[in-house]
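Read the structure below first, then the notes.
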Amino acid sequence: MTDLIQKDLTYNWHPYTQMSIQQANPPLLIEKAQGIKLYDASGQWYYDTISSWWCNIHGHLHPRMVKAIKQQLDQLDHTLFAGITHQTAIELSERLIQISPDGLQRVFYSDNGSTAVEVALKMSVQYWRNSGRPEKSKFISFDRAYHGDTAGCMSVSGESAFTSAFTPLMFAGYKVPSPYCYRCPMGHTSQDTCATACIKFLRDALENHSDTVAAVILEPLILCAGGMLIYPAAYLAEAALLSKKYNVHLILDEVAVGFGRTGTMFACEQADVCPDFLCLSKGLTSGMLPLAATLTTQDIFNAFLGPSGSEKTFYHGHTFTANPIGCNAALASLDIFAHEGILAHVQVLAQELRKSINMFSDHPLVGDIRTLGTVAAFELVRNKKTKEPLPGNDQMIRQIYSRGLEKNVILRPIGNVIYLFLPLVTTLEDLKDIISKTHASMV
Ligand SMILES: Cc1ncc(COP(=O)(O)O)c(C=O)c1O
């Protein structure tokens, strides 16, 4: 064990980690990264198959991004964003408004995915208060959602190991069964015939509670931490119509799926939906710097206008709001999208990924295979007929992770789901290698 790892074990406390077993399972010491590869201190390299927690889009240390960050460091590092503004934030907001669905006209910055969501929740509640409807303060969300780890985000997320210790901190809302097609809450066996029947749960919740509901909050097209549950765009389109019909906001959390991940710049484009709030982070800076944005409409913005010191003011902010270096990184990322044919490449990559994962269908433990954009997931079961899930702590899953590392792929599971969440710039050649190494790790 190196000195550095020893110090890590002495001083650090890692997220989502049972630290009592770290001594026996020390973390990988990553020394450098380039493109879609990470290199550890022993000289071993790994494909960054989960995009460094779902945020790397253009590969590590993309020269345009590095240049933009260095340039910004010569100009302006950080300043507050109340009573002060700066060029990078202004330009980034203009660009985000230009590329996001028509109807979104205002950008509120923060610094991570949870704060992007927390801002949307608070804005929605205060919108109704400012509009004389303070009773509209609850949220409808999916029972397998994950929207972050702050108290508000946990409250609208599904019950899980991530939330169970914190229930005293959380507020009540309405949870509806998720569109989990493999384990259809309506009992359908094929997506081709279901006609998104499970939207019924959302409709019922709205019908019964819309008078007290501020917003419906959803992860569009993929419930990521819920196990990469992919659902049809038709569901999302219907959810948007229902939100309008029942006069509640629609918050779309694209923290994980925004910026090309599902094949379009934003997942909601595939359902032709413009939400009332769009939450962005992770891919916003291609994972290089912490930055988040909550986009909203002029109508919502207007409801917060009033005289100086008005109670209508949105009293929320963070120290690193609109950090100029983060904003310039985000501008560089958008330039890469504009000039390097990224979305066109994702189409080809997604098609190849879809074809290549067929080889997993014969695997005795793979009950379901799902894919969209650069995401592919394999749900492991004990029995394909009964769909009995393989427990998340099954030794087999740990073995797959260890074998993956030996074969240069990071297959960090979510419960009983092994998945790939590939940087958008993954080449077809690398994809072939990643698939073959993933397959070899699962036998
Ligand atoms: C959909 C979604 N929302 C919010 C978050 C929270 O983001 P952060 O970890 O940056 O707070 C995540 C994180 O994975 C996420 O997947």
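Numbering (my numbering), first residue to last: 84 to 526. By construction, the Cβ of each residue, glycine as well, lies at the ideal position given by its N, Cα and C atoms. Only a predicted model underlies this, so the values are computations on that prediction, with no experimental measurement involved.
Could you spell out the range, first to last residue, of the beta strand (DSSP E) harbouring I104?
Indexing the sequence shown from 1 puts residue 104 at position 21. Boundaries cannot be given for I104, as no beta strand (DSSP E) includes it and DSSP labels it neither H nor E.
Self-check item: Local Cβ density within 10 Å of R227, reported as buried at 16 or more and exposed below that
Solution: By one-based count along the sequence shown, residue 227 stands at place 144. R227 should be labelled buried.
- Consider the C-beta atom of D336 and the heavy atoms of ligand 1; say whether any pair is separated by less than 6 Å. Locating residue 336 in the sequence shown gives position 253, counting from the first residue. Taken from the Cβ of D336, at least one heavy atom of ligand 1 lies inside 6 Å.
Practice prompt. Taking 8 Å as the threshold, find out whether the stretch 456-472 comes into contact with the stretch 352-359 through three or more Cβ pairs.
Written response: With a cut-off of 8 Å, the stretch 352-359 and the stretch 456-472 do not count as touching, because too few Cβ pairs lie within range.
- Item | Minimum C-alpha distance to V458 - residue among N108, W137, T402 | Taking the first residue of the sequence shown as 1, we reach residue 458 at position 375. Among N108, W137, T402, the Cα nearest to that of V458 belongs to W137.
*Using a threshold of 7 Å, state whether the C-beta atoms of E177 and L414 are closer than that.*
Locating residue 177 in the sequence shown gives position 94, counting from the first residue. Locating residue 414 in the sequence shown gives position 331, counting from the first residue. Taking 7 Å as the Cβ cut-off, E177 and L414 do not qualify as a contacting pair.
Q) How many angstroms separate the CA atom of V508 from the CA atom of K258? A) Counted from its first residue, the sequence shown places residue 508 at position 425. Counted from its first residue, the sequence shown places residue 258 at position 175. Distance between the alpha carbons of V508 and K258: 36 Å.
Please confirm whether V338 and A234 have their CB atoms less than 7 Å apart. Along the sequence shown, one-based indexing puts residue 338 at 255. Along the sequence shown, one-based indexing puts residue 234 at 151. Judged by beta-carbon spacing, A234 lies beyond the 7 Å limit of V338, meaning their Cβ atoms are not closer than that value.
**Prompt:** C307: beta carbon under 6 Å from a heavy atom of ligand 1?
**Reply:** Taking the sequence shown and counting its residues from 1, the one referred to as residue 307 is at position 224. Yes, the Cβ of C307 comes within 6 Å of a heavy atom of ligand 1.
- Item | Reference N108; option with closest CA among H97, A322, G118 | Counted from its first residue, the sequence shown places residue 108 at position 25. N108 has its Cα closest to that of H97, out of H97, A322, G118.
Find the nearest neighbour of I313 within the set H292, R344, H332, N291, judged by alpha-carbon distance. For this step, residue 313 is matched to residue 230 along the sequence shown. When only C-alpha atoms are compared, the closest one is R344.
Verify the contact flag: N139, CB atom, against every heavy atom of ligand 1, threshold strictly below 6 Å.
The count along the sequence shown starts at 1 and reaches residue 139 at position 56. No - ligand 1 has no heavy atom lying nearer than 6 Å to the Cβ of N139.
Out of curiosity, what's the CA-to-CA distance linking A244 and A203? Within the sequence shown, residue 244 is the residue found at index 161, counting from 1. Within the sequence shown, residue 203 is the residue found at index 120, counting from 1. Taking C-alpha positions only, A244 is separated from A203 by approximately 24 Å.
* Measure the Cβ-Cβ separation of A375 and I152 and say whether it is below 7 Å. => Your numbering for residue 375 matches position 292 in the sequence shown. Your numbering for residue 152 matches position 69 in the sequence shown. Not in contact: A375 and I152 (Cβ atoms no closer than 7 Å).
* Asked: How about S240 and H230: are their beta carbons less than 7 Å apart?
  -> In the sequence shown, residue 240 corresponds to position 157, counting from 1. In the sequence shown, residue 230 corresponds to position 147, counting from 1. Between S240 and H230, the CB-CB gap stays under 7 Å.
Exercise for the section: Give the single residue among P506, E435, S135, M479 whose Cα lies nearest to the Cα of F342. Expected result: Position 259 of the sequence shown, counted from the first residue, corresponds to residue 342. The option with the nearest alpha carbon to F342 is P506.
Next on the checklist: Are the CB atoms of V429 and G346 within a distance shorter than 7 Å?
Outcome noted: Counting from 1 along the sequence shown, the entry for residue 346 is found at position 263. Counting from 1 along the sequence shown, the entry for residue 429 is found at position 346. Judged by beta-carbon spacing, V429 lies within the 7 Å limit of G346, meaning their Cβ atoms are closer than that value.
Discussion item. Let me make sure I understand the geometry here. Which of G370, A165, M525 has the alpha-carbon closest to that of F443?
Written reply: Taking the sequence shown and counting its residues from 1, the one referred to as residue 443 is at position 360. Ranking G370, A165, M525 by Cα distance to F443 puts M525 first.
Since A427 is in the beta strand (DSSP E), which residue starts that stretch and which ends it?
In the sequence shown, the residue the question calls residue 427 occupies position 344. Counting along the chain, A427 falls outside any beta strand (DSSP E), though it belongs to the alpha helix (DSSP H) covering 425-439.
Discussion item. Along the chain, where does the alpha helix (DSSP H) containing I173 start, and where does it finish?
Written reply: Numbered from its first residue, the sequence shown carries residue 173 at position 90. Where I173 is concerned, the enclosing alpha helix (DSSP H) starts and stops at 170-182.
Beta-carbon proximity list for P496, same chain, < 8 Å, skipping 5 on both sides:
Your numbering for residue 496 matches position 413 in the sequence shown. Same-chain partners within the cutoff: G475, I480, I483, Y484, Y502.
Worksheet item: Which residue comes first and which comes last in the beta strand (DSSP E) that contains N213?
Response: Within the sequence shown, the letter at position 130 stands for residue 213. Counting along the chain, no beta strand (DSSP E) covers N213; the unbroken alpha helix (DSSP H) around it starts and ends at 196-213.
Q. Of all the alpha helix (DSSP H) runs that stay within the bounds of the stretch 88-170, which reach a length of 4 or more residues?
A. Segments of the alpha helix (DSSP H) lying fully in the stretch 88-170: 134-137, 146-156.
In or out: K115 buried (at least 16 other Cβ within 10 Å) or exposed?
Numbered from its first residue, the sequence shown carries residue 115 at position 32. Classified as exposed, K115 has fewer than 16 neighbouring CB atoms from the shown chains inside 10 Å of its CB.
Would you call the stretch 166-173 and the stretch 379-399 in contact, with 3 or more CB pairs under 8 Å? Too few Cβ pairs lie closer than 8 Å, so no.
**Prompt:** Between the Cα of C410 and the Cα atoms of P268, S134, T162, which residue gives the shortest distance?
**Reply:** On the sequence shown, residue 410 is found 327 positions in, with the first residue counted as 1. Closest option to C410, Cα to Cα, is T162.
Handout entry: Spatial distance of D516 from Y130 (CA atoms)
Key = In the sequence shown, counting from the first residue as 1, residue 516 sits at position 433. In the sequence shown, counting from the first residue as 1, residue 130 sits at position 47. Between D516 and Y130, the alpha-carbon positions lie close to 10 Å from each other.
* **Any non-hydrogen atom of ligand 1 within 6 Å of S364 CB** => For the purposes of this step, residue 364 is taken as the residue at position 281 of the sequence shown. Closer than 6 Å to some heavy atom of ligand 1: that describes the Cβ of S364.
*So does N406 have its beta carbon nearer than 6 Å to some heavy atom of ligand 1?*
As a position in the sequence shown, residue 406 is number 323, starting the count at 1. No, ligand 1 has no heavy atom inside 6 Å of this Cβ.
Check: If you run the structure through DSSP and keep just helix, strand and coil, what is L414?
Finding: Position 331 of the sequence shown, counted from the first residue, corresponds to residue 414. In this structure, DSSP gives L414 a helical state, which the three-state scheme calls helix.
Is V331 near V356, with beta carbons less than 7 Å apart?
The residue you call residue 331 lines up with position 248 of the sequence shown. The residue you call residue 356 lines up with position 273 of the sequence shown. At least 7 Å separates the beta-carbon of V331 from that of V356.
Of all the options A460, N499, A523, which has the alpha carbon lying nearest to the alpha carbon of E489? As a first step, residue 489 is located in the sequence shown; it is residue number 406 there, counting from the start. Ranking A460, N499, A523 by Cα distance to E489 puts A523 first.
Exercise. What separation, rounded to the nearest whole angstrom, lies between the Cα atoms of A248 and G424?
Worked result: In the sequence shown, the residue the question calls residue 248 occupies position 165. In the sequence shown, the residue the question calls residue 424 occupies position 341. Here the alpha carbon of A248 sits roughly 45 Å from the alpha carbon of G424.
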